[in-house]
Every structure is written in structure tokens, then in C-alpha cells.
Amino acid sequence: MKRKHKKNKSMAFITGMLCLVVLLAIVPIMEVSHEQLNTTSTFDWAGIDELTVTSENLQNGVWDDSIANTERGKNLSPQLSWEKAENAQAYVIYMIDPDGNNWIHLISGTLTKEEVVQGEITQVNNGTSDTGYIGPYPPAGTHSYEVYVFALKQTKTDYAGKVNAVCDGIDKIAQELDADAAGASGNIAAYGKLTGTYTK
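Counting from 14, one number per residue, gives the positions in the sequence shown under this note's numbering.
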């Protein structure tokens, strides 16, 4: 009986050691996969030319009421202008609220000029849309609203995200815009950014 008890203890010890070895082998693989996932989710902005973007609706870092979708606002897309980019066939504009889970307020669709007048982008009053504009309507307090103008070497027919919905962040959007028709990177010729706040 004693001999059998010792044998069971030995088998349990061996089984435990094997489980430990397998676990130690799996953990590094999981860590590498997690690091790779984080690496691929971040867009490399280095080396891309920058454009200067301006707006008549942004004063001292604050967006005026006319662009807001509030009782004080008119829900009109902001006036925007930017430099002409070399090798660009088209432009696309995004406005995102990073304080509101990367909520998309504007996707312009394809543009072939370097300015949009106020109210030019079609309003989205409810629901979601592939393109269009819905003004800031923060639930409370102050939110930042970031405008990105992307100059593209090739035009796109589909754009990442939906207006009036959350997105995976501007890095993910840039990754998709940077891919040309063949899937190769380098489609963004230049970009510009404009940031302002709005308080409800």
C-alpha cells in the first residue's frame, strides 16, 4: 500500500511539471501575439508631409456655435482651407471627438479642391451615414474636436467608419486611407490637423 501511494505521488508530480512546462511555453507566444497586435494597430505618421489647415469657425482654439448640433448651434459643417499637396488626386476630411470614444462627426467623401465653405458638407441629423456632417453635441462639459485633412495619391471609393458613430481611432482610419488599390501603403501624400474645443 505504501509503495502504491508513493507511485501516485510521483505521477502527480510529473504531471504537474509537464503542465508547468507547457504553460511556460505558451505565455511567451501569447505575449508576442499581443505585442504584434499593438504594433499593427498604430499608424506611422513619420515621413508624411504636413499641411497647414485653417478655419474661420475656430477662434483661439474654440469652435464657434454655428458648427454645433445644440440649441445654440446651426449644425453647419465648418469652413476649412488647406495647402495644395503635391501628387494628390483627392482630399478627404474627417472630424473626430477623441473625448467621446472617437466619435466621427464628419466624413467629407472625395474632394478635389483645397477649401470647403461653411455648410457645404451634407447634414446628418440622425442615424449614421457613410459621408456627411453632424455637429458637436457633447453630453456635458468640454470636448476636443479634431479635423484631419488627408491628401491622397489615389482616390478612394470607400471610407473607414460612419458619421455619427464611434470608430477605432484615427490611426486605423489613416491605415485604410494609406492603402492604395493594390493594397500597398503610401497612398497618403500629406495630411493636416486642426484641433478645437466645444463646451455645451
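Ideal Cβ placement from N, Cα and C applies to all residues, glycine included.
Are the Cβ atoms of residue i and residue j separated by less than 8 Å?
i: Leu119; j: Tyr107; result: yes
i: Tyr211; j: Tyr161; result: no
i: Ser68; j: Tyr146; result: no
i: Leu124; j: Ala98; result: no
i: Ser94; j: Gly86; result: no
i: Pro149; j: Asp112; result: no
i: Ile117; j: Ala178; result: yes
i: Thr144; j: Ser121; result: yes
i: Lys213; j: Thr83; result: yes
i: Ala153; j: Ile201; result: no
If I measure Cβ to Cβ from residue i and keep anything under 6 Å in the same chain, skipping five residues before and after, which residues do I get?
i: Asp62; result: Ala203
i: Lys175; result: Thr141
i: Phe56; result: Asp184, Ala187 and Gln188
i: Ala173; result: Ile186 and Glu189
i: Glu96; result: Leu64 and Thr65
i: Cys180; result: Asn115, Ile117 and Gly174
Considering just the uninterrupted stretch of the alpha helix (DSSP H) at residue i, what are its terminal residues?
i: Lys185; result: Ile183 to Asp191
Quick check on the DSSP output: the beta strand (DSSP E) that includes residue i runs from which residue to which?
i: Glu127; result: Taken as a continuous stretch (DSSP letters only), Glu127 belongs to no beta strand (DSSP E), as it is neither H nor E.
i: Lys206; result: Ile201 to Thr212
i: Ala164; result: Thr155 to Leu165
i: Val105; result: Ala103 to Asp110
i: Trp116; result: Trp116 to Ile120
i: Leu93; result: Leu93 to Trp95
Since residue i and residue j should fall inside the 8 Å C-beta cutoff, what is the C-beta to C-beta distance between them, to a whole number of angstroms?
i: Val66; j: Lys206; result: 7 Å
i: Gly182; j: Asn115; result: 5 Å
i: Asn70; j: Gln92; result: 6 Å
So, for residue i: in the same chain, excluding its five sequence neighbours on each side, which residues have a beta-carbon less than 8 Å away from its beta-carbon?
i: Thr208; result: Gly74, Ser157, Tyr158, Glu159 and Val160
i: Pro151; result: Asp110, Asp112, Gly113, Tyr211, Thr212 and Lys213
i: Val137; result: Gly145, Tyr146, Ile147, Val176 and Asn177
i: Asn139; result: Asn177
i: Trp58; result: Ala187 and Tyr204
i: Asp77; result: Asn70 and Leu71
Short of 7 Å in beta carbon distance, which residues of its chain neighbour residue i, apart from the five on each side in sequence? Order them along the chain.
i: Gly132; result: Leu89 and Ser90
i: Asn100; result: Lys166 and Ala202
Pairs of beta-carbons, one from the stretch 190–200 and one from the stretch 120–140, closer than 8 Å: are there three or more? no
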